[in-house]
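Report on one structure; see the data block that follows.
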Amino acid sequence: MSLLIDNIGLLYTGDPEREELTGAAVVIQDERIAWVGEPGKAPETDERHDAEGRAVIPGFVDSHAHLVFAGDRTAEFNARMSGQSYTAGGIRTTVAATRAASEEALGTRMRALVEEMRAQGTTTVEIKSGYGLTVDDEARALRLARQVTEETTYLGAHVVPQGIEADDYVRLVTGDMLAACAPYAKWVDVFCERGAFDGDQTREILTAGTKAGLLPRVHANQLTQGPGVRIAVELGAASADHCTHLSDADVEALASSNTVATLLPGAEFSTRSPYPDARRLIDAGATVAIATDCNPGSSFTSSMAFCIALAVREMRMTPLEAIRAATYGGARALRRDDIGMIRAGNRADLVVLDAPSYVHLAYRPGVPMIRRVFSS
Ligand code: NIG
Ligand code: FE
Numbered sequence: 001m002s003l004l005i006d007n008i009g010l011l012y013t014g015d016p017e018r019e020e021l022t023g024a025a026v027v028i029q030d031e032r033i034a035w036v037g038e039p040g041k042a043p044e045t046d047e048r049h050d051a052e053g054r055a056v057i058p059g060f061v062d063s064h065a066h067l068v069f070a071g072d073r074t075a076e077f078n079a080r081m082s083g084q085s086y087t088a089g090g091i092r093t094t095v096a097a098t099r100a101a102s103e104e105a106l107g108t109r110m111r112a113l114v115e116e117m118r119a120q121g122t123t124t125v126e127i128k129s130g131y132g133l134t135v136d137d138e139a140r141a142l143r144l145a146r147q148v149t150e151e152t153t154y155l156g157a158h159v160v161p162q163g164i165e166a167d168d169y170v171r172l173v174t175g176d177m178l179a180a181c182a183p184y185a186k187w188v189d190v191f192c193e194r195g196a197f198d199g200d201q202t203r204e205i206l207t208a209g210t211k212a213g214l215l216p217r218v219h220a221n222q223l224t225q226g227p228g229v230r231i232a233v234e235l236g237a238a239s240a241d242h243c244t245h246l247s248d249a250d251v252e253a254l255a256s257s258n259t260v261a262t263l264l265p266g267a268e269f270s271t272r273s274p275y276p277d278a279r280r281l282i283d284a285g286a287t288v289a290i291a292t293d294c295n296p297g298s299s300f301t302s303s304m305a306f307c308i309a310l311a312v313r314e315m316r317m318t319p320l321e322a323i324r325a326a327t328y329g330g331a332r333a334l335r336r337d338d339i340g341m342i343r344a345g346n347r348a349d350l351v352v353l354d355a356p357s358y359v360h361l362a363y364r365p366g367v368p369m370i371r372r373v374f375s376s
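Just so you know, the sequence shown maps onto residues 1 to 376 in full-length UniProt numbering.
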């Protein structure tokens, strides 16, 4: 099947050679982008979609989400909105609910969230484990995640669960749990934070994961200025996520590496915390991604458009930098060259917006703006 999309208002390709085009057309064929250019020169296709002057963008790449869980944390959110602060400890509430849930219930919830994301323009999502924290529960989460994405992340090191000493738990995470989870995971992640895992533990867990064939990424510097970012860069992680509390040395380390700084403004919104400073990172030369961090505790949004609006309003990003971070940035954070950009050869993941330009994603916050999603 081949399809011509023409009459496009503003086409944001993400391709640095020609990042924004007006009056362009796109041809997709058999799940790939076959051609981008002037409408008159398009190859013959079976079908046509008239964009009627609407903008077209690459499908969003949400490179950080926790979608395998049960229950919710409304009470905790309510308490925070009355002045309580966020701590890593809340994770254990979701762990208890998740362990108690059936595989079917977890799968149904996860699929509903993936569908909710897709309807909002997200065509690639990364999914982490991290609410099981036993060998069987972590493996179950990753088995489920694998059914809907190849971007699966082993996050046995989310927090130390109740009833086990930290040293014993790190042994489990780097031993039996890793062995059970590695077949279903591409990535290994650690929540490196006060109240979760310290620098030495983080290094040990990521190194063990790497030896088992997984690629590292880190929850780094979310609540405090810890060692997470430095370790991420040192180990060549694809991404350091959150990056809210950064020293000048952290910014410098990110800028001179190919570790992406993935910013998760939904978390600052939902925890009433100060936002990360994207401007500082971009000006230093770091690659920035934006993702939702969708999870029941710190950021229960599935909307990349909402995160873009926050990034523009609260993190000193321009609309162009924000759309780039939500597409190309996410692809870099997952080390993918076949998504996040509309160029020949890439996957046919693109979104027609109900607006003439991607700028409207931030300009009209909270307004539904996804007209049509093409997903390979
Ligand atoms: O990315 N920071 C650690 N993990 C999640 C929060 C999980 C939770 O509170 O349930 C995050 O924000
Ligand atoms: Fe997270």
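For each residue, glycine too, the CB sits at the ideal point set by N, CA and C.
Legend entry - Cβ separation of residue 370 and residue 121, assumed to be a contact under 8 Å, to the nearest whole Å: The pair is a contact, with the Cβ atoms about 5 Å apart (cut-off 8 Å).
Inset, instruction - Please name the residue in 53, 15 and 64 whose C-alpha comes closest to that of residue 263. - result: Ranking 53, 15 and 64 by Cα distance to residue 263 puts 64 first.
Legend entry - Minimum length 4: unbroken alpha helix (DSSP H) runs contained in the region 144-177: Listed in chain order, they are 166-174.
Inset, instruction - Please confirm whether residue 216 and residue 224 have their CB atoms less than 8 Å apart. - result: Result no, Cβ atoms of residue 216 and residue 224 do not sit closer than 8 Å.
Legend entry - residue 91 beta carbon near ligand 1 (any heavy atom closer than 7 Å): Yes; taking the cut-off as 7 Å, the Cβ of residue 91 has a heavy atom of ligand 1 nearer than that.
Inset, instruction - Kindly identify the DSSP beta-bridge partner or partners of residue 49. - result: In the DSSP output, where bridge partners are listed per residue, residue 49 has 5.
Inset, instruction - Look at the Cβ atom of residue 237, then the Cβ atom of residue 251, and state whether they are nearer than 8 Å. - result: At a Cβ-Cβ threshold of 8 Å, residue 237 and residue 251 do not count as neighbours.
Inset, instruction - Flag residue 143 as yes if its beta-carbon sits less than 8 Å from any beta-carbon of chain B, otherwise no. - result: Protein chains in the displayed structure number just one, and chain B is not present.
Legend entry - Test item: CB-CB of residue 153 and residue 185 under 8 Å: Less than 8 Å divides the Cβ of residue 153 from the Cβ of residue 185.
Legend entry - Whole-angstrom distance between residue 197 and residue 96, CA atom to CA atom: Residue 96 and residue 197: Cα-Cα distance of roughly 20 Å.
Legend entry - residue 306 CB to nearest heavy atom of ligand 1 below 7 Å: No, the Cβ of residue 306 stays beyond 7 Å of every heavy atom of ligand 1.
Inset, instruction - May I have the straight-line CA-CA distance separating residue 247 from residue 229, to the nearest angstrom? - result: Spanning the two alpha carbons is a distance of roughly 10 Å.
Inset, instruction - Taking only heavy atoms of ligand 2 into account, decide whether any of them is closer than 7 Å to the Cβ of residue 346. - result: Relative to ligand 2, residue 346 has its C-beta separated by 7 Å or more from all heavy atoms.
Legend entry - For residue 261, the first and last residue of its enclosing beta strand (DSSP E): Where residue 261 is concerned, the enclosing beta strand (DSSP E) stretches over 260-263.
Inset, instruction - Starting from the Cα of residue 82, find the closest Cα among 112, 326 and 272 and give me that residue. - result: Measuring from the Cα of residue 82, the nearest candidate turns out to be 272.
Inset, instruction - Determine contact between the region 323-331 and the region 286-301, defined as no fewer than three beta-carbon pairs at a distance below 8 Å. - result: Touching, yes.
Legend entry - Bridge partner(s) assigned by DSSP for residue 15: Looking at the DSSP assignment, residue 15 forms no beta bridge with any residue, so it has no partner.
Legend entry - Bounding residues of the alpha helix (DSSP H) (the contiguous stretch that carries residue 306): Its alpha helix (DSSP H) spans residues 304-314.
Inset, instruction - Consult DSSP for residue 192 and reduce its assignment to one of helix, strand or coil. - result: The three-state reading of DSSP puts residue 192 in strand, counting E and B together.
Inset, instruction - Within 10 angstroms of the Cβ of residue 260, are there 16 or more other Cβ atoms? Answer buried if so, exposed if not. - result: Under this definition residue 260 is a buried residue.
Legend entry - Buried versus exposed call for residue 349 [16 or more other C-beta atoms within 10 Å across all chains shown]: The C-beta of residue 349 has 16 or more other C-beta atoms within 10 Å across all chains shown, which makes the residue buried.
Inset, instruction - Would you mind sorting residue 43 into buried or exposed? The rule is 16 or more other CB atoms within 10 Å of its CB. - result: Looking at its Cβ environment, which holds fewer than 16 other Cβ atoms inside 10 Å, residue 43 is exposed.
Legend entry - Alpha-carbon to alpha-carbon, residue 363 and residue 182: Rounded to the nearest angstrom, the two C-alpha atoms are 42 Å apart.
Legend entry - Minimum length 3: unbroken beta strand (DSSP E) runs contained in the UniProt domain "Amidohydrolase-related" (240-356): Complete beta strand (DSSP E) runs here, min 3: 260-263, 288-290 and 350-353.
Inset, instruction - Tell me whether residue 222 counts as near ligand 1, meaning its Cβ is closer than 7 Å to at least one heavy atom of that ligand. - result: The nearest non-hydrogen atom of ligand 1 is less than 7 Å from the C-beta of residue 222.
Legend entry - Closest Cα partner of residue 368 within the set 376, 374, 375 and 352: Nearest C-alpha to residue 368: 352.
Legend entry - Secondary structure of residue 211, DSSP reduced to three states: Helix.
Legend entry - residue 60, enclosing alpha helix (DSSP H) - first and last residue: Element bounds for residue 60: not the alpha helix (DSSP H) but the beta strand (DSSP E), 60-62.
Inset, instruction - Give a yes or no on contact between the region 70-84 and the region 31-43, applying the rule of three or more CB pairs nearer than 8 Å. - result: No, the region 70-84 is not in contact with the region 31-43.
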